[in-house]
Amino acid sequence: MEEVKLYVERVGVDPVSGAGIRIARRESPSWHKDIVAELINQVLRCGTALIIIAVLTACDDRQVSYFPDYAAIPEQSGIWTWLPVFFPSSASEIKMTFNLDSNLFYADFSVADGDKRAHFERGLGEESVVHYANFPHKSWCKTGKTLWNSEARAKPFFITKISVDRYRITNHMPGCTKPGE
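Here's what the structure looks like:
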């Protein structure tokens with residue numbers, strides 16, 4: 001049988017009647033064990049959650065690179081393995097994001113010159129319209145090889161015009177293929 005102790009304490013006086021106010025509390029050794037066990041469980045759960053967050057953050061293989069223009073991309077960098085042969089050499093303000101875990105990338109870039117923009121868009125082929133952020137945007141699905149390995153199999157790229165002179169290209173758009181490809 002468990003040993004239970006009963007304590008009665010005077011904690012104050014009733015201001016109206018002047019009677020003493022007492023509290024009774026019960027204490028047993030198993031009660032303390034239960035509280036300690038619950039505290040340990042909470043610490044373990046919080047610790048596990050923190051470890052999971054730290055691991056997920058540390059394992060994010062996303063990399064971001066910025067270049068003022070096409071010529072600033074280092075020749076010996078792996079960036080050329082991502083860019084298609086039709087990527088405009090007139091591109092500027094290039095921001096590229098890579099996720100090495102999932103083999104995905106996207107690049108935002110500008111083509112400031114109107115004639116070069118028109119030439120770039122003509123080379124992309126038939127355009128369509130996508131609704132992004134509640135606005136219609138021109139878009140293209142174009143298959144191409146990469147600049148680094150022109151002997152590799154051609155891959156689909158999805159290009160969106162996000163403003164007058166700004167574009168986004170990605171290799172992540174399921175269903176981005178042309179009929180017959």
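For the sequence shown, the tail end lands on 181 under UniProt numbering, and the numbers increase by one without skipping. Cβ atoms here follow ideal geometry from the backbone N, Cα and C, with glycine treated the same way.
- The shortest CA-to-CA distance from Tyr167 to any of Arg45, Ser90 and Ser17 is the one to Ser90.
- As DSSP reads the structure, Tyr106 sits in a beta bridge with Thr97 and Thr170.
- Annotation for Leu44: no residue places its beta carbon closer than 6 Å to its own, counting only its chain and skipping 5 residues before and after.
- In summary, Lys161 is buried, with 16 or more beta-carbon neighbours lying within 10 Å of its beta-carbon over all protein chains present.
- Annotation for Lys142: Phe86, Leu124, Gly125, Phe157 and Ile159 place their beta carbon closer than 7 Å to its own, counting only its chain and skipping 5 residues before and after.
- Between Ile169 and the set Gly114, Arg117 and Phe109, the nearest pair of CA atoms involves Phe109.
- As a beta-bridge residue in DSSP terms, Pro156 pairs with Thr143.
- Under the 10 Å beta carbon count, Ala107 is surrounded by 16 or more other beta carbons and is classified as buried.
- For Pro74, no pairing in a beta bridge is given by DSSP.
- Selection Val164, Lys116, Ala118 and Leu83 evaluated against His172 yields Leu83 as nearest (Cα-Cα).
- Straight through space, the alpha carbons of Ile51 and Trp80 are spaced by roughly 36 Å.
- Here Cys46 has no same chain residue with a Cβ atom under 6 Å from its own Cβ, once five neighbours each way along the sequence are excluded.
- DSSP places Gly18 outside both helix and strand once states are collapsed to three, so it counts as coil.
- Following the DSSP letters along the chain, one finds Asp115 inside the alpha helix (DSSP H) bounded by residues Gly114 to Leu124.
- For Pro68, the enclosing beta strand (DSSP E) has its first and last residue at Arg62 to Asp69.
- Under the DSSP definition of a beta bridge, Val11 lacks any partner.
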